[in-house]
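Listed in order, the protein sequences are those of chains A and B. Under the numbering used here, think of the first position of the first sequence as 1, with each following residue one higher. Under the numbering used here, think of the first position of the second sequence as 1, with each following residue one higher. Take a look at the structure below.
There are 2 protein chains.
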Amino acid sequence: MSGDDTLSLLLALGLLLALGRALGELAFRLKQAPVLGEIVAGILLGPTVFGRVAPGAFETLFPAEGPVAIARDGLAGFVVTLFMLVAGMEVELSTIWRRGRAAFAVSLTGIAIPFALGLAAALFMPRALGCEPGADPVVFTLFFAIALSISALPVIARTLMDLNLYRSDLGMVVIASAVFDDLVGWIVFAIVLGMLEHGGQSVAPTVALVVGYAALMLTAGRWAIDRSLPWIQAHLSWPAGVLGFALVLALFGAAATQWIGVHALFGAFMAGVALGDSKHLRETMRTSIERFVSSGLAPLFFATIGLGVDFYVHFDLGLAALVIVIACAGKVLGCAWGARWAGMSKRESWAVGFGMNARGAMEIILGLVALRAGIIGERLFVALVLMALVTSIMSGPLMQRSLGQRRSRRIHELLRPGAFKSPLLGRTRTDGLLHLAGALAEEHKLPVAEVQRAVLARERVQATGIGNGVAVPHARLAGLKGPVVGVGISPEGLDFDAPDGRPARIVFLILTAPQDDGAQVELLAAIGRLFEDPGVRERAVGLRSFTELQALLKVEAAHAGASR
Amino acid sequence: MSGDDTLSLLLALGLLLALGRALGELAFRLKQAPVLGEIVAGILLGPTVFGRVAPGAFETLFPAEGPVAIARDGLAGFVVTLFMLVAGMEVELSTIWRRGRAAFAVSLTGIAIPFALGLAAALFMPRALGCEPGADPVVFTLFFAIALSISALPVIARTLMDLNLYRSDLGMVVIASAVFDDLVGWIVFAIVLGMLEHGGQSVAPTVALVVGYAALMLTAGRWAIDRSLPWIQAHLSWPAGVLGFALVLALFGAAATQWIGVHALFGAFMAGVALGDSKHLRETMRTSIERFVSSGLAPLFFATIGLGVDFYVHFDLGLAALVIVIACAGKVLGCAWGARWAGMSKRESWAVGFGMNARGAMEIILGLVALRAGIIGERLFVALVLMALVTSIMSGPLMQRSLGQRRSRRIHELLRPGAFKSPLLGRTRTDGLLHLAGALAEEHKLPVAEVQRAVLARERVQATGIGNGVAVPHARLAGLKGPVVGVGISPEGLDFDAPDGRPARIVFLILTAPQDDGAQVELLAAIGRLFEDPGVRERAVGLRSFTELQALLKVEAAHAGASR
Chain A
1 MSGDDTLSLL
11 LALGLLLALG
21 RALGELAFRL
31 KQAPVLGEIV
41 AGILLGPTVF
51 GRVAPGAFET
61 LFPAEGPVAI
71 ARDGLAGFVV
81 TLFMLVAGME
91 VELSTIWRRG
101 RAAFAVSLTG
111 IAIPFALGLA
121 AALFMPRALG
131 CEPGADPVVF
141 TLFFAIALSI
151 SALPVIARTL
161 MDLNLYRSDL
171 GMVVIASAVF
181 DDLVGWIVFA
191 IVLGMLEHGG
201 QSVAPTVALV
211 VGYAALMLTA
221 GRWAIDRSLP
231 WIQAHLSWPA
241 GVLGFALVLA
251 LFGAAATQWI
261 GVHALFGAFM
271 AGVALGDSKH
281 LRETMRTSIE
291 RFVSSGLAPL
301 FFATIGLGVD
311 FYVHFDLGLA
321 ALVIVIACAG
331 KVLGCAWGAR
341 WAGMSKRESW
351 AVGFGMNARG
361 AMEIILGLVA
371 LRAGIIGERL
381 FVALVLMALV
391 TSIMSGPLMQ
401 RSLGQRRSRR
411 IHELLRPGAF
421 KSPLLGRTRT
431 DGLLHLAGAL
441 AEEHKLPVAE
451 VQRAVLARER
461 VQATGIGNGV
471 AVPHARLAGL
481 KGPVVGVGIS
491 PEGLDFDAPD
501 GRPARIVFLI
511 LTAPQDDGAQ
521 VELLAAIGRL
531 FEDPGVRERA
541 VGLRSFTELQ
551 ALLKVEAAHA
561 GASR
Chain B
1 MSGDDTLSLL
11 LALGLLLALG
21 RALGELAFRL
31 KQAPVLGEIV
41 AGILLGPTVF
51 GRVAPGAFET
61 LFPAEGPVAI
71 ARDGLAGFVV
81 TLFMLVAGME
91 VELSTIWRRG
101 RAAFAVSLTG
111 IAIPFALGLA
121 AALFMPRALG
131 CEPGADPVVF
141 TLFFAIALSI
151 SALPVIARTL
161 MDLNLYRSDL
171 GMVVIASAVF
181 DDLVGWIVFA
191 IVLGMLEHGG
201 QSVAPTVALV
211 VGYAALMLTA
221 GRWAIDRSLP
231 WIQAHLSWPA
241 GVLGFALVLA
251 LFGAAATQWI
261 GVHALFGAFM
271 AGVALGDSKH
281 LRETMRTSIE
291 RFVSSGLAPL
301 FFATIGLGVD
311 FYVHFDLGLA
321 ALVIVIACAG
331 KVLGCAWGAR
341 WAGMSKRESW
351 AVGFGMNARG
361 AMEIILGLVA
371 LRAGIIGERL
381 FVALVLMALV
391 TSIMSGPLMQ
401 RSLGQRRSRR
411 IHELLRPGAF
421 KSPLLGRTRT
431 DGLLHLAGAL
441 AEEHKLPVAE
451 VQRAVLARER
461 VQATGIGNGV
471 AVPHARLAGL
481 KGPVVGVGIS
491 PEGLDFDAPD
501 GRPARIVFLI
511 LTAPQDDGAQ
521 VELLAAIGRL
531 FEDPGVRERA
541 VGLRSFTELQ
551 ALLKVEAAHA
561 GASR
């Protein structure tokens, strides 16, 4: 690569990561999985928008061919290999065994029904579905059926992680079924590609090898890794030994399935499953790898997806709508039916169906291979990508909705700059409370006198110093919609009659509605938990601005969540 | 990339990482920086050895051109960009300011003397130094002088990290000087390349831009980053927000200096300096990035260096020896003199000289650019690489030797399988001690009765239960060479009269020589510190094998070391 190529690549990666992260944050605000924002960032930076607005700059930064493109795609491939390792590490085999029956039912109906529906549709209306005039109808039909059957393991995994469902039983059913569906889907796809090349024979070895590899990883591989880890931790340097081992495992696992002829990603995923199952893998190592790969590097991969194709030129509304409808009908109904059959509740069954419906990156990779092999044209490819996006976008919200999930209350989301007082005025508990209650009431347009009265009355019943320099005065107030929180920092400390006798230097004032009993308990417990950590207490008294307070609460809450 | 290319790339990366890590561990055992093992792994896998033994396989796995090579080198470039970010993050500006005078003196003499020596040598004996017949003598002379003057920031940083000297004052002097030398070296190199292309003009803008970029990063950039971090932590998701910010910073920083025309690595490094200086960057984030990049990914880059050239064909002993002698003389003497001049002690001055003498990757990158530009031939290139390796290998041990550094005693290094008893027999303290002391004495061929007597006598003077289920009986024993440690696990617990009244479930028995007073204190303190952590105590009682014990002590010791 020349110097100019290096410059293009660095700028391109920087842009992909920056815009990917920005839109990922936006997606998160809109209660979507960040990964969708990342994919949209790629479409914006791709030929569809950026390439149209500034073709020269686009060609320099994101060329479709040549060294820059190869290096960029190679890097994206490396990143997604690591991402699959992490996704695999998060799979809890014990949960899958426990939920084996449900997973089996879901994966069976989840692949059979969309496949049958796709087969029928492609047989009856090949033209409407974008079959090009010269294409082999059998190959096209089979491909279309497969395209409807597979799921997007990385996107599903990411969506479940984002919704905090990944390690739940439900999440494991979805992941187990998706793994199974994808394995079957990719094997059948390998068969179809084999039919294209040498007319159908020599497919049996591939199937045998894939099943053999998976079985090996789940038995001997798992055992060998579990035996190796203590040795590595004892005899090699830390953490380089374990990290290197994990990465080498991912690369060789990926190479194994690539050699077999199914996609490299499966090998890395199965290697991750075998590695993550070992109880000798330290939690800090797990978090360390997971954090860096899925939060730091993964956006790079997801943002490169949209670079490959022009979504404007090849857009066909009718085709896209048709593909989306058939895809959703087959997958959602098929999986939900399987889940019901396995005895899951109605709510959970729908959630499984919507979860499995996400297609994401896998669909696009499959589509790209088919496009290059001449099985499909660009119109259908764009329709498939849109289908992948739409199903992925629907996935998270519809799952949440089916489960009727309520987001847990986080303190930092309830704070407002106006209700933060540093320093808190007053030399006595009462003066401090009046000041803080007044500020909180004003900020939320509540009756000041009433709030102050309620808070002081509660404080008289029982002092609210909880020790460690923290006090949590609180009161119930009729007419409140949701809980509100104010924070005051008192450099000298106010006597809140804490059990340890120390004056309170940070005061959280919490108001909740009388009927919302859970909120008060939840918030008080969260604050107590947070300030058990001496590091947090030390940081808290040094706070100088509202932003610093928010940062502290948010980061620590994330930590407390991770370690639980 | 085709499927076969992907397979080649995955296997190649897996091999590079696996052999790199293995030889890195070996280097560590030989008290060398792991990075040297990683570079040697690349030479073994490159044309020098693997390419000679199995040319067909070599050409498939590590082609010099084509998509696989581009993707591999692109990935290595990405990794080294992140590595430079981390190296930058570790720089403590306050220490550099504090040691500014020394750093200035060292960098001045450290560049002037090797440059002058290189200039003189190249002027008087160009042929002996491998100047090709057709080459421009002025360009060659300047290049040779620069090649002797630059240091290898990544290798120096890695060596210092490996020796635990990176954050020391000495380490900061070395790093500050190396940064300065490299900046000057690369700028002059850019001038030389400019002379080749357009005969010397248009050099001033480059110089101005580089200095401007560095100044900007150290002032406005640093300030802006410090202001942004709390906002990012408060408003974006954690840890994706900060991680993404750090990576984008590295990529755009690298792009900036690449655009200016000095090497991209400098931009990433300066971005790291600006980022790492912010007190708002959380320690967990710092460790998380550092760990993943420098232990996990960096070996990939360092192992690719040796792939590019055949070290056998182009090896010229006389030339290599000459280059090594001139290079060492100029750099070591120059830097040591500068350090003395700045008032450092003799020991420290030599350590600075040897530290700065490491050339490593930078030399090789510089050499590669010169080779491609036709300034030097392959003979001199190989000599330069060997010089880089030899100076890097010498660097660590000679630094350690000059400083007279003694390695601190780690418990896990003193353990032997024979002195680990689980379960520890006996129902009383005395029985347990007799059992453990006997085993320890036998393992180390010490007089059993004498050891048992000494341990029981010490125990009678004062009970050694330190609470939390841990006891640390100990004794001094004449004739011991170094401290020895035995460990017993008692599932029911033995009464060691601990302050908290709890029976000891894990017993460390420590024997030290009477004259070695420090050892006992050091080991007792380390054990006490380790078992303050409830997680460690919980793990300790569940131990079933010697290997698990070693793993626990080692990993936890590394953690305790990192957090101090």
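All C-beta atoms in this analysis are idealised placements derived from N, C-alpha and C, irrespective of residue type, glycine included. Given the structure is predicted, the values throughout are model-derived calculations rather than measurements.
Compare the Cα-Cα distances from A22/A to each of V485/B, P499/B, V242/B and report the closest residue. The shortest C-alpha separation from A22/A is found at V242/B.
Can you tell me the Cβ-Cβ gap for A214/A and L183/A, rounded? I've got them flagged as a contact below 8 Å. Confirmed, Cβ separation roughly 7 Å.
8 Å CB neighbourhood of D181/A in its chain, flanking five on each side removed: Counting only Cβ-Cβ distances below 8 Å, and skipping sequence neighbours, we find S107, G110, I111, S149, I150, S151, M356.
Is there contact here, the stretch 25 to 41 of chain B with the stretch 307 to 316 of chain B, by at least three beta-carbon pairs under 8 Å? They do not touch, by the three-pair rule.
Is M217/A near A271/A, with beta carbons less than 8 Å apart? Taking 8 Å as the Cβ cut-off, M217/A and A271/A qualify as a contacting pair.
8 Å Cβ cut-off: residues of chain A touching A254/B: Residues of chain A passing the Cβ test: L10.
Can you grab the Cα-Cα spacing for the pair L7/A / A147/B, in whole Å? Between the alpha carbons of L7/A and A147/B lies a gap of roughly 24 Å.
Please list the residues of the stretch 529 to 556 of chain A that have a C-beta atom closer than 9 Å to any C-beta atom in chain B, keeping them in chain order. If the cut-off is 9 Å between Cβ atoms, the stretch 529 to 556 of chain A has S545, F546, T547, E548, L549, Q550, A551, L552, L553, K554, V555 near chain B.
Cutoff 6 Å; reference A336/A; Cβ partners in own chain excluding five residues on either side: The residues are S349, W350, G353.
So that I know if they touch, is there some Cβ in chain A lying closer than 8 Å to that of I70/B? Interface residue, yes.
Under 8 Å between C-beta atoms of A419/B and G469/B: Contact: no.
is_contact[L247/B, chain A] using C-beta, thresh 8 Å: So yes, L247/B belongs to the interface.
Can you give the Cα-Cα distance for S563/A and L440/B, rounded to whole angstroms? Its pLDDT being 33, under 50, S563/A is placed unreliably by the model, and the measurement read from it follows with that caveat. Cα to Cα, S563/A sits roughly 38 Å from L440/B.
The stretch 204 to 226 of chain B: positions lying closer than 7 Å to chain D by Cβ: In summary, chain D is missing from the structure at hand, where the protein chains are A and B.
Does any C-beta atom of chain A lie closer than 8 Å to the C-beta of L85/B? Judged by the 8 Å Cβ criterion, L85/B is not in contact with chain A.
Closer than 7 Å at the beta carbon, the chain A residues around T430/B: Within 7 Å Cβ-Cβ: nothing; T430/B doesn't reach chain A, min ~32 Å.
Per-residue contacts from P67/A into chain B (C-beta, under 7 Å): Chain B residues near P67/A: I70.
So if DSSP puts R476/B in a beta bridge, which residue, or which two residues, is it bridged to? Bridge partners of R476/B: T512/B.
Any 3 or more C-beta pairs closer than 8 Å across the stretch 374 to 394 of chain A and the stretch 454 to 471 of chain A: Here the stretch 374 to 394 of chain A makes no contact with the stretch 454 to 471 of chain A; the two share fewer than three CB pairs at distances below 8 Å.
Minimum Cβ-Cβ distance from P299/A to chain B less than 8 Å: With respect to chain B, the C-beta atom of P299/A has a partner C-beta closer than 8 Å.
Mind checking if I568/A is an interface residue toward chain B, Cβ cutoff 8 Å exclusive? What the structure shows of chain A is the stretch from 1 to 564, and residue 568/A is not part of that stretch, so it cannot be assessed.
Do the CB positions of I156/A and G334/A come within less than 8 Å of each other? No; because the gap between Cβ atoms is not below 8 Å, this pair is not in contact.
Please tell me whether M1/A has its Cβ less than 8 Å away from any Cβ of chain B. Yes, M1/A counts as interfacial toward chain B.
At which residues does the beta strand (DSSP E) containing S345/A begin and terminate? Segment: none, S345/A is in no beta strand (DSSP E) and carries neither H nor E.
Mind listing, in chain order, the continuous alpha helix (DSSP H) runs of no fewer than 4 residues lying wholly within the stretch 293 to 323 of chain B? The DSSP assignment places complete alpha helix (DSSP H) segments of no fewer than 4 residues inside the stretch 293 to 323 of chain B at 298 to 304, in order along the chain.
L160/B: beta carbon under 7 Å from a heavy atom of the ligand GTP? As far as ligands go, the structure on display features none, and thus does not contain the ligand GTP.
Cβ shell of G267/A (< 6 Å), same chain only, five flanking positions each side left out: G253, A254, A256, T257.
Min CB distance Q400/B to chain A below 8 Å: Interface residue (Cβ-Cβ distance to chain A less than 8 Å): Q400/B is not classified as such.
If the criterion is Cβ atoms closer than 8 Å, does the pair L153/A and A87/A meet it? In this structure, L153/A sits near A87/A, with a CB-CB distance shorter than 8 Å.
Which chain A residues sit within Cβ distance under 8 Å of D73/B? Within 8 Å Cβ-Cβ: M1, A71.
When the distance is taken between beta carbons, is R99/B closer than 8 Å to V173/B? Yes; because the gap between Cβ atoms is below 8 Å, this pair is in contact.
Just checking, does the stretch 50 to 57 of chain B make contact with the stretch 67 to 87 of chain B on the three C-beta pairs under 8 Å criterion? Taking 8 Å as the limit for Cβ pairs, the verdict is that the stretch 67 to 87 of chain B does not touch the stretch 50 to 57 of chain B.
First and last residue of the alpha helix (DSSP H) that includes L61/B? For L61/B, the uninterrupted alpha helix (DSSP H) segment begins and ends at 55 to 61.
Does the beta carbon of T60/A sit closer than 8 Å to a beta carbon anywhere in chain B? T60/A does not count as touching chain B.
Only counting the same chain, and skipping five residues up and downstream in sequence, which positions put a Cβ closer than 6 Å to that of P63/B? Only A69 meet the Cβ criterion.
Through-space distance from L415/A to E65/B, alpha-carbon basis: C-alpha separation (whole angstroms): 57 Å.
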